[in-house]
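Peer 1:
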Amino acid sequence: GFALQFADPSLRDDPDIVLAAVQRHPDALSFASERLRGNKEVVLVAVEASPSVLEHATAAMKRDKEVVLAAVRQCGFTLKYAAEPLLADQDVVLAAVRNSPSTLEYAAPSVRDNRMTVSAAVTANPSTLAYASEGLREDKAFLLDVVSKKGEALKCAAEKIRDDKDVVMVAVKDHGAALEFASDRLRSDREVVLTALSSDGCALMHASPDLRAERVVVFAAVAKDGSALAYGSEHLRRDKEFMLLAVALNGLSLQYATPELKADKQVVLRAVRSKAHALEHADSRLKRDREAVLAAVLQDGSALAYALESVRNDDIFMISAVAKQASVLQYAGHGLKSNA
18 GFALQFADPS LRDDPDIVLA AVQRHPDALS FASERLRGNK EVVLVAVEAS PSVLEHATAA
78 MKRDKEVVLA AVRQCGFTLK YAAEPLLADQ DVVLAAVRNS PSTLEYAAPS VRDNRMTVSA
138 AVTANPSTLA YASEGLREDK AFLLDVVSKK GEALKCAAEK IRDDKDVVMV AVKDHGAALE
198 FASDRLRSDR EVVLTALSSD GCALMHASPD LRAERVVVFA AVAKDGSALA YGSEHLRRDK
258 EFMLLAVALN GLSLQYATPE LKADKQVVLR AVRSKAHALE HADSRLKRDR EAVLAAVLQD
318 GSALAYALES VRNDDIFMIS AVAKQASVLQ YAGHGLKSNA
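Counting from 18, one number per residue, gives the positions in the sequence shown under our numbering.
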């Protein structure tokens with residue numbers, strides 16, 4: 018196929034030879050005569066095999082709806098090679114965005130203002146809302162429908178929409194992290210933030226500082242995801258009463274406690290009884306505390322891996338642990354295993 022580039026001009030203008038060449042290597046179209054690069058049969062064969070070769074077709078072929086549809090149905094990005102009139106063709110653009118949503122960028126303004134086309138693109142890729150017309154990006158009814166399916170599309174909505182509580186509530190209900198794109202006013206709204214946290218505990222990172230210091234709000238986040246405590250205020254993370262409640266909800270929250278509370282036996286016991294692997298985040302003194310280690314092991318034998326070697330080599334302790342949880346033997350210290 019690529020040998021066509023070295024062929025005599027008369028051969029590059031021969032339909033049979035060029036057709037055979039593009040069947041072997043579609044990119045050979047670029048070496049065909051202008052007449053054959055405008056031959057619909059030849060171009061369709063090439064485009065159906067490799068849509069990007071539309072680039073080498075004549076202007077007339079780039080205006081041909083059938084040819085362009087054959088290309089964009091396989092690779093939406095070939096829309097950029099289409100003639101301007103087809104960039105305003107609803108059928109062509111819709112076929113392109115269904116294959117490659119970001120190709121909405123190449124569409125004519127009239128199509129980027131079309132609800133069905135934009136909705137199809139945004140449903141597949143929320144970021145493509147950025148290419149929609151300004152009118153659609155500030156159309157509340159349209160945005161309510163869009164963010165109910167793809168909450169993260171809020172990112173590309175008009176500023177006034179990101180300050181609209183109705184729209185933002187729908188967005189964060191679908192995708193908690195969309196809270197990041199809400200206005201400052203709504204990131205300080207307790208109802209909005211709690212709705213976001215019901216979907217994604219770590220959305221707490223996008224809440225206002227005042228709400229990240231509120232017990233009820235941080236509890237809601239931790240209940241959904243223990244790691245969300247990382248975004249709670251430092252004041253709460255050093256509050257023993259608060260941390261006792263937090264680790265009871267999710268023991269792994271212990272990793273975000275202050276060093277003092279990681280060394281507090283009452284807090285650690287509460288944590289490991291909730292999530293055995295919270296032992297990993299306890300102070301080293303409690304990793305050799307037999308009561309704390311046993312509490313973790315009774316929840317999950319593999320938590321013994323976080324205990325200090327001195328505990329894992331303690332015959333008396335291990336006999337007691339194995340009697341209650343046989344699986345812990347595999348995590349015993351080297352010395353004890355060698356004597357087993």
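Where is the CB? At the ideal position from N, CA and C, for every residue including glycine.
Keeping to the same chain, check which residues put their C-beta closer than 8 Å to that of L61; ignore five residues upstream and five downstream.
Peer 2: The sequence position of residue 61 within the sequence shown is 44, counting from 1. Hits under 8 Å: E83, V84 and A87.
Peer 1: Compare the C-alpha of S150 against each of A313, E122 and A293 and name the closest.
Peer 2: Within the sequence shown, numbered from 1, the residue matching residue 150 stands at position 133. Selected option, being the one with the closest Cα: E122.
Peer 1: Find out if the Cβ-Cβ distance for the pair L278, K304 is shorter than 8 Å.
Peer 2: By 1-based counting over the sequence shown, the position of residue 278 is 261. By 1-based counting over the sequence shown, the position of residue 304 is 287. No, they are not a contact pair.
Peer 1: Within 10 Å of its beta-carbon, does H192 have 16 or more other beta-carbons around it, so buried, or fewer, so exposed?
Peer 2: Here residue 192 refers to the residue found at position 175 when the sequence shown is read from its first residue. Looking at its Cβ environment, which holds 16 or more other Cβ atoms inside 10 Å, H192 is buried.
Peer 1: Using C-beta distances below 8 Å, list every residue in its chain close to V59, excluding the 5 sequence neighbours before and after it, in chain order.
Peer 2: As a position in the sequence shown, residue 59 is number 42, starting the count at 1. Excluding residues within five positions, the ones whose Cβ falls inside 8 Å are P32, V35, L36, V39, L46, A49 and L53.
Peer 1: Can you have a look at A158 and say buried or exposed, based on whether 16 or more other CB atoms are within 10 angstroms of its CB?
Peer 2: Position 141 of the sequence shown, counted from the start, is the residue given in the question as residue 158. By the 10 Å Cβ count, A158 comes out exposed.
Peer 1: By the 10 Å Cβ neighbour count, where 16 or more other Cβ atoms means buried, how is A357 classified, buried or exposed?
Peer 2: Along the sequence shown, one-based indexing puts residue 357 at 340. Here A357 scores only 49 on pLDDT, less than 50, and its place in the model should not be relied on; the value that follows carries that caveat. Exposed, since its Cβ has fewer than 16 Cβ neighbours within 10 Å.
Peer 1: According to DSSP, is A88 helix, strand or coil?
Peer 2: Numbered from 1 along the sequence shown, position 71 holds the residue referred to as residue 88. Three-state result, A88: helix.
Peer 1: Are the beta-carbon atoms of V328 and V310 separated by less than 8 Å?
Peer 2: For the purposes of this step, residue 328 is taken as the residue at position 311 of the sequence shown. For the purposes of this step, residue 310 is taken as the residue at position 293 of the sequence shown. Result yes, Cβ atoms of V328 and V310 sit closer than 8 Å.
Peer 1: My assumption, with CB atoms under 8 Å, is that D180 sits in contact with S200. Please give the rounded CB distance.
Peer 2: Looking up residue 180 in the sequence shown gives position 163. Looking up residue 200 in the sequence shown gives position 183. The pair is a contact, with the Cβ atoms about 4 Å apart (cut-off 8 Å).
Peer 1: What does the alpha-carbon distance come out to for the pair Q22 and S127?
Peer 2: Position 5 of the sequence shown holds residue 22. Position 110 of the sequence shown holds residue 127. About 41 Å.
Peer 1: Using a Cβ-Cβ cut-off of 6 Å (strictly less than) and excluding sequence neighbours within five positions of A147, which residues of its own chain qualify?
Peer 2: As a first step, residue 147 is located in the sequence shown; it is residue number 130 there, counting from the start. Closer than 6 Å at the Cβ level, and outside the excluded window around A147, lie C173.
Peer 1: If contact is defined by three or more beta carbon pairs under 8 Å, each pair taking one atom from either stretch, is the segment 240-255 in contact with the segment 210-221?
Peer 2: Cβ pair count under 8 Å is three or more, so yes.
Peer 1: Return the chain-ordered list of same chain residues with a C-beta closer than 7 Å to the C-beta of R90, the five sequence neighbours on each side being excluded.
Peer 2: Taking the sequence shown and counting its residues from 1, the one referred to as residue 90 is at position 73. Here the set comprises A112 and N116.
Peer 1: For V128, name the three-state secondary structure that DSSP assigns.
Peer 2: Here residue 128 is taken as the residue at index 111 of the sequence shown, counted from 1. In the structure shown, V128 sits in coil (DSSP, three-state: anything other than H, G, I, E or B).
Peer 1: Please report the residue range of the alpha helix (DSSP H) in which A99 lies.
Peer 2: What you label residue 99 is simply residue 82 of the sequence shown in a count that begins at 1. That residue, A99, is in no alpha helix (DSSP H); it is neither H nor E in DSSP.
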